[in-house]
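Undergrad: Structure in structure tokens, see below.
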Amino acid sequence: MIFEVEPGGALRGAIRVPGDKSISHRAIMLGSIAEGVTHVTGFLEAQDSLATLKAFRAMGVRVDGPDAGEVHIHGVGLHGLKAPDRPLNLGNSGTSMRLLSGLLAGQSFASALTGDQSLTRRPMTRVTNPLRQMGAEIRTSDEGTAPLKINGTRRLSGIDYTMPVASAQVKSCLLLAGLYADGETCITEPAPTRDHTERMLEGFSCPVRRTGRRVCVVGGGVLKATAIDVPGDISSAAFFLVGASIAARSEMILQHIGINPTRTGIIDILRLMGANIDVANQGLAGGEPVADLRVRAAPLKGIRIPEELVPLAIDEFPALFVAAACADGETVLTGAAELRVKESDRIQAMADGLAALGVDASPKPDGLVIQGRGGFTGGWVDSHGDHRIAMAFSIAALRADAPITVSDCENVNTSFPGFIDLANNCGLGIDSRTGKVNQ
Ligand code: S3P
Numbered sequence: 001m002i003f004e005v006e007p008g009g010a011l012r013g014a015i016r017v018p019g020d021k022s023i024s025h026r027a028i029m030l031g032s033i034a035e036g037v038t039h040v041t042g043f044l045e046a047q048d049s050l051a052t053l054k055a056f057r058a059m060g061v062r063v064d065g066p067d068a069g070e071v072h073i074h075g076v077g078l079h080g081l082k083a084p085d086r087p088l089n090l091g092n093s094g095t096s097m098r099l100l101s102g103l104l105a106g107q108s109f110a111s112a113l114t115g116d117q118s119l120t121r122r123p124m125t126r127v128t129n130p131l132r133q134m135g136a137e138i139r140t141s142d143e144g145t146a147p148l149k150i151n152g153t154r155r156l157s158g159i160d161y162t163m164p165v166a167s168a169q170v171k172s173c174l175l176l177a178g179l180y181a182d183g184e185t186c187i188t189e190p191a192p193t194r195d196h197t198e199r200m201l202e203g204f205s206c207p208v209r210r211t212g213r214r215v216c217v218v219g220g221g222v223l224k225a226t227a228i229d230v231p232g233d234i235s236s237a238a239f240f241l242v243g244a245s246i247a248a249r250s251e252m253i254l255q256h257i258g259i260n261p262t263r264t265g266i267i268d269i270l271r272l273m274g275a276n277i278d279v280a281n282q283g284l285a286g287g288e289p290v291a292d293l294r295v296r297a298a299p300l301k302g303i304r305i306p307e308e309l310v311p312l313a314i315d316e317f318p319a320l321f322v323a324a325a326c327a328d329g330e331t332v333l334t335g336a337a338e339l340r341v342k343e344s345d346r347i348q349a350m351a352d353g354l355a356a357l358g359v360d361a362s363p364k365p366d367g368l369v370i371q372g373r374g375g376f377t378g379g380w381v382d383s384h385g386d387h388r389i390a391m392a393f394s395i396a397a398l399r400a401d402a403p404i405t406v407s408d409c410e411n412v413n414t415s416f417p418g419f420i421d422l423a424n425n426c427g428l429g430i431d432s433r434t435g436k437v438n439q
């Protein structure tokens, strides 16, 4: 799928973006191994979270829906999952694979996990190494990638693990394995990462001990079904926060967005650049803070992005690089080597795309240096099948002086179904077609 995006325009309107992807995955996982029926509203009906849902159906869990974001999960209890009769295909979803590897390591049956071309290139030893320390038997390819083959018959023991990378996926994987382990499993993170698993475990009446950067669970407990209201995904809202900031005369309200402090790096970084963002109507939804975000166009300036904000904005850098290209002056990102192992190598893919649109962007092993030029030329960019890169370059067109064409965009559906219609209703001009780009 190719997006052809008209240059110029402004973003206006009050919208809701689809439900949070991280929370939607976790709702299915914890709901499935809980006792009783978990009722979810605001569930993200996108390919990634649906891959998780299908995996649990394949393990015998009855899941009703999704129907307009409503899902009922008939939990089977910690030990009620059944062996799937074929490998679980998780498509493009790293969260599904990494979290499931921990949960499946604790089962009494064998299983295999696979995915698409992008997912089967991503590093998995970050989860398989600590899981082996817990006693799990898991095989990867020689490159340490999927398919993963899990011999679930081993007993797991709790470990005390310090993560070498700040990763909520690794932390969550080990917490899920810890539910099945003998004794206590403790994980220490090098920097704070999203804590949706910890919050949701507590919502399922499972005690979690948190002290600073260390989190512990005790195995052998029971999860009790609950109700979960999934807030709007701040990672999807990010495209509108940036789009409305860079396009003159824009003003948008993004309603009911999750503003968990482990996810709000995008707001902090944009504000440091001079963005005009207000947070209103703060409340709580299922243990997660939510709010309406109002954003208005503002002149942006280049900054040195504080490294401690990197894990708190880890998925928002494609959009933030677009903001940096529109800013006045240089923006420097360091401490973000993780971006190279996301759905694509986001440092290289964004540097190439920015260069194709006239922006001077120098990739570094752990970041990117962007010279703001106040906007973009038109041109063609390759999203490398990465949903967030496709959407980032779509909003770049708001500040381009000729159309921008983005190729390989079908994976926008992994996280943001309806992106084109929602964005177009607010003032973007995306036309999509299938086929190859005529360069
Ligand atoms: C996620 C954690 C992050 C993020 C991903 C979702 C999660 O990955 O990039 O999109 O739901 O736990 P890492 O934990 O690998 O940084």
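For the sequence shown, my numbering begins at 1 and goes up steadily by one.
Backbone N, C-alpha and C fix where the C-beta goes; we use that ideal spot for every residue, glycine too.
Can you name, in chain order, every residue of its own chain whose Cβ lies under 8 angstroms from the Cβ of Asp182, other than the five neighbours on each side?
TA: Within the same chain, Asp182 has close Cβ partners Arg155, Leu156, Ser157, Gly158, Gly219 and Gly220.
Undergrad: How big is the Cα-Cα spacing for Cys426 and Gln348?
TA: Rounded to the nearest angstrom, the two C-alpha atoms are 30 angstroms apart.
Undergrad: Confirm, please, whether the CB-CB distance from Ser245 to Ala297 is below 8 angstroms.
TA: yes
Undergrad: For Asp142, name the three-state secondary structure that DSSP assigns.
TA: coil
Undergrad: For the beta strand (DSSP E) containing His387, list its first residue and its last residue.
TA: No beta strand (DSSP E) holds His387; the alpha helix (DSSP H) holding it covers His387 to Ala396.
Undergrad: Anything with a beta carbon under 5 angstroms from a heavy atom of the ligand S3P counts; list them all in chain order.
TA: Ser22, Thr95, Ser167, Ala168, Gln169, Ile314 and Asp315
Undergrad: According to DSSP, simplified to helix, strand and coil, what is Leu99?
TA: Note: Leu99 maps to helix in three-state DSSP.
Undergrad: Please list the segments of the alpha helix (DSSP H) lying wholly inside the region 42 to 104, counting only runs of 4 or more residues, in order along the chain.
TA: 47 to 58
Undergrad: Pick helix, strand or coil for Ser362, following the three-state DSSP scheme.
TA: strand
Undergrad: Kindly indicate which residue of Thr262, Gly9 and Gly212 has the alpha-carbon position closest to the one of Ile234.
TA: Thr262
Undergrad: Who are the near neighbours of Gly243 in its chain, counting only those whose CB is closer than 6 angstroms to its CB and skipping five residues on each side?
TA: Leu11, Ile395 and Leu398
Undergrad: If you run the structure through DSSP and keep just helix, strand and coil, what is Gln117?
TA: coil
Undergrad: With distances taken between CB atoms, is the gap from Gln47 to Arg98 smaller than 8 angstroms?
TA: no
Undergrad: May I have the straight-line CA-CA distance separating Ala27 from Glu45, to the nearest angstrom?
TA: 13 angstroms
Undergrad: If you draw a straight line from the C-alpha of Ala361 to the C-alpha of Phe419, how long is it?
TA: 27 angstroms
Undergrad: If you draw a straight line from the alpha carbon of Ala327 to that of Ala110, how long is it in whole angstroms?
TA: 52 angstroms
Undergrad: Just grab the DSSP bridge partners of Tyr161 for me.
TA: Ile187
Undergrad: Is the beta carbon of Ser172 less than 8 angstroms from the beta carbon of Thr211?
TA: No Cβ-Cβ contact shorter than 8 angstroms links Ser172 with Thr211.
Undergrad: For Arg122, collect the residues of the same chain with a Cβ closer than 7 angstroms to its Cβ; drop the 5 residues on either side in sequence, then sort them by chain order.
TA: Taking Arg122 as the centre and dropping the five residues before and after it, the same chain places the C-beta of Gly94, Thr145 and Val341 closer than 7 angstroms to its C-beta, in chain order.
Undergrad: Go ahead and pull the three-state DSSP assignment for Phe3.
TA: strand
Undergrad: Contact between the region 345 to 359 and the region 368 to 378: three or more CB pairs below 8 angstroms?
TA: Using a Cβ-Cβ distance cut-off of 8 angstroms, the region 345 to 359 and the region 368 to 378 are in contact, since at least three pairs of beta carbons, one from each stretch, lie closer than that value.
Undergrad: Starting from the Cα of Arg433, find the closest Cα among Glu410, Gly80, Ser250 and Gln255 and give me that residue.
TA: The candidate whose alpha carbon is nearest that of Arg433 is Glu410.
Undergrad: Looking only at its own chain, which residues have a Cβ that is under 6 angstroms from the Cβ of Gly283, when we skip the five neighbours before and after it?
TA: Val290
Undergrad: Whole angstroms are fine: how far does the CA of Pro207 sit from the CA of Gly36?
TA: Taking the Cα positions, Gly36 is about 18 angstroms away from Pro207.
Undergrad: Quick one: grab the DSSP three-state call for Lys301.
TA: DSSP, read as helix, strand or coil, puts Lys301 in strand.
Undergrad: How would you label Ser22, buried or exposed, when you count the other beta carbons within 10 angstroms and need 16 or more for buried?
TA: buried
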